[in-house]
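Visitor: If you're matching them up, the sequences are chains A and B in order.
Using our numbering, you'd call the opening residue of the first sequence number 1 and step up by one each time.
Using our numbering, you'd call the opening residue of the second sequence number 1001 and step up by one each time.
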Amino acid sequence: MGTTIGFRGAWSAWLVASIALGLVILPAVVWLVLSGVQAANGDLQVTMETTVSVEPPVSLPDGWEAAGVLPVSVTTVDPPLSQYLLLVGSRAADFLLVVGVLWLIQRVAASIRQGNPFHQTNVRRLRWIGVLLLIGYPLAVIIGGFFTNWYFSNEHSPELADGLVIGFPIISLGAILGGLCMLVLAEVFRYGIGLREDVEATV
Amino acid sequence: MAPSEADYNIVVHLDELLASRGMTLTELADAVDITIVNLSILKNGRARAIRFSTLSALCEFLGCQPGELLSYRS
Chain A
1 MGTTIGFRGA WSAWLVASIA LGLVILPAVV WLVLSGVQAA NGDLQVTMET
51 TVSVEPPVSL PDGWEAAGVL PVSVTTVDPP LSQYLLLVGS RAADFLLVVG
101 VLWLIQRVAA SIRQGNPFHQ TNVRRLRWIG VLLLIGYPLA VIIGGFFTNW
151 YFSNEHSPEL ADGLVIGFPI ISLGAILGGL CMLVLAEVFR YGIGLREDVE
201 ATV
Chain B
1001 MAPSEADYNI VVHLDELLAS RGMTLTELAD AVDITIVNLS ILKNGRARAI
1051 RFSTLSALCE FLGCQPGELL SYRS
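And the structure:
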């Protein structure tokens, strides 16, 4: 059953999701190609963001302690292939998570644009978005942090290993709330399937 | 899941009424402005609900009462 109710909104949602998907994939592809060319020419620069623990230079009363974390960018010129692959690995998990979520959103929006959103495939897509946000996000942070930590480990950058603190912001309230909203929305769509069947079977 | 006659105890006697009047489903669809798809759903017992407007149009054209078109099977 097709309907023009909310048609313009469905077009907008599909368009925004499609543009977002392109804005994520295209720079990644360009970066991969450019960095490959630079690596071949021997002038590749690899920059990794991390943090360094510092003690603020302040005078404190007895019993007081102050500690801080300083964000730093560490640039390596003409790194070996192994370090380049570790850099790619540290960003791949985040990239795949974002692409996966955006692609699923784009598919749901496309089905709404076609006038047939209430079917089991969309319920599965929305559940997958919820799972990706609730479980995939912390996993992506852990995997990315693992590769980043490995990048700065004694094996690859011994002079940088000491004093570097790799942050693991695993818990994201946004990801948790977004994931829960998607799971609830999936149940709404499942209920919508029943309503659609009732409407289609009403003469 | 499409409903079946087993889901509801309502029987639709559209086939008998059409046969007794020598009409086809296509002629009925043209006459009452209901799609043949919907009439087929109704005839084959796959309908979950019928609008009063549809019931009224069918009864008016077929010259019958709702009780002749629909019956309850216990």
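All C-beta atoms, glycine included, are put in the ideal place defined by N, C-alpha and C.
Quick caveat: nothing in here was measured; it's all calculated off a predicted structure.
1. Taking the straight line between their C-alpha atoms, what separation do you get for Leu1018 of chain B and Leu1058 of chain B?
2. Measuring straight from C-alpha to C-alpha, what distance separates Glu1005 of chain B and Arg1046 of chain B?
3. Can you give me the C-alpha to C-alpha distance between Ser172 of chain A and Ala13 of chain A, rounded to a whole angstrom?
4. Buried or exposed: which applies to Pro117 of chain A, given that a residue is buried once 16 or more other Cβ atoms fall within 10 Å of its Cβ?
5. If you draw a straight line from the alpha carbon of Leu205 of chain A to that of Ala20 of chain A, how long is it in whole angstroms?
6. Quick one: grab the DSSP three-state call for Thr121 of chain A.
7. Given Pro79 of chain A, which residues of its chain have a CB within under 6 Å of its CB, disregarding the five upstream and five downstream residues?
8. Across which residues does DSSP place Gly46 of chain A in a beta bridge pair?
9. In chain order, what residues of the same chain lie with their CB nearer than 8 Å to the CB of Val72 of chain A, ignoring the 5 residues before and after it?
10. On the DSSP letters alone, give me the boundaries of the beta strand (DSSP E) that Val203 of chain A sits inside.
11. If we ignore side chains and look at the alpha-carbon of each, how far apart do Leu132 of chain A and Gln120 of chain A end up?
12. Interface residues of chain A around Asn1038 of chain B at Cβ under 8 Å?
13. For Leu1069 of chain B versus His1013 of chain B, is the C-beta distance shorter than 8 Å?
14. Based on the DSSP output, what are the partners of Tyr1008 of chain B in its beta bridges?
15. Are the Cβ atoms of Ala213 of chain A and Ile143 of chain A separated by less than 8 Å?
16. Any C-beta of chain A sitting closer than 8 Å to the C-beta of Leu1014 of chain B?
17. Take the Cβ of Ala66 of chain A as the centre, count every other Cβ of all protein chains shown within 10 Å, and call the residue buried at 16 or more, exposed below.
18. Kindly identify the DSSP beta-bridge partner or partners of Val54 of chain A.
19. In the DSSP assignment, what residue or residues form a beta bridge with Ala1049 of chain B?
Guide: According to the data block:
1. Stepping through the second sequence from its first residue, residue 1018 of chain B is reached at position 18. Stepping through the second sequence from its first residue, residue 1058 of chain B is reached at position 58. Roughly 11 Å between the two C-alpha positions.
2. As a first step, residue 1005 of chain B is located in the second sequence; it is residue number 5 there, counting from the start. As a first step, residue 1046 of chain B is located in the second sequence; it is residue number 46 there, counting from the start. Here Glu1005 of chain B scores only 46 on pLDDT, less than 50, and its place in the model should not be relied on; the value that follows carries that caveat. About 7 Å.
3. The residue given as residue 172 of chain A occupies position 172 in the first sequence. The residue given as residue 13 of chain A occupies position 13 in the first sequence. Their Cα atoms are separated by approximately 24 Å.
4. As a position in the first sequence, residue 117 of chain A is number 117, starting the count at 1. Classification for Pro117 of chain A: buried.
5. The structure shown does not extend to residue 205 of chain A, since chain A is modelled only from 1 through 203, so no value can be given for it.
6. Here the question's residue 121 of chain A lines up with position 121 in the first sequence. Of the three classes helix, strand and coil, the one that applies to Thr121 of chain A here is helix, per DSSP.
7. Taking the first residue of the first sequence as position 1, residue 79 of chain A is located at position 79. Cβ neighbours of Pro79 of chain A beyond the five flanking positions: Val46.
8. Residue numbering aside, residue 46 of chain A sits at position 46 when the first sequence is read from its first letter. Before going further, note that residue 46 of chain A is Val rather than Gly in the sequence given. Val46 of chain A is bridged to A:Thr76.
9. Along the first sequence, one-based indexing puts residue 72 of chain A at 72. Closer than 8 Å at the Cβ level, and outside the excluded window around Val72 of chain A, lie Glu49, Thr50, Thr51 and Val52.
10. For this step, residue 203 of chain A is matched to residue 203 along the first sequence. Taken as a continuous stretch (DSSP letters only), Val203 of chain A belongs to no beta strand (DSSP E), as it is neither H nor E.
11. For this step, residue 132 of chain A is matched to residue 132 along the first sequence. For this step, residue 120 of chain A is matched to residue 120 along the first sequence. Each residue's Cα considered, the two are about 18 Å apart.
12. In the second sequence, the residue the question calls residue 1038 of chain B occupies position 38. Result: Val203.
13. Stepping through the second sequence from its first residue, residue 1069 of chain B is reached at position 69. Stepping through the second sequence from its first residue, residue 1013 of chain B is reached at position 13. In contact: Leu1069 of chain B and His1013 of chain B (Cβ atoms closer than 8 Å).
14. Translated into positions along the second sequence, residue 1008 of chain B becomes position 8. DSSP output for Tyr1008 of chain B lists no bridge partner at all.
15. Residue 213 of chain A lies beyond the range of chain A shown here (1 to 203); nothing can be said about it.
16. Numbered from its first residue, the second sequence carries residue 1014 of chain B at position 14. False, the Cβ-Cβ gap to chain A never drops below 8 Å.
17. On the first sequence, position 66 is the one that residue 66 of chain A refers to. By the 10 Å Cβ count, Ala66 of chain A comes out exposed.
18. As a first step, residue 54 of chain A must be located in the first sequence, where it is residue number 54. Beta-bridge pairing links Val54 of chain A to A:Gly68.
19. For the purposes of this step, residue 1049 of chain B is identified with residue 49 of the second sequence, where counting begins at 1. Answer is A:Thr202, bridged to Ala1049 of chain B.
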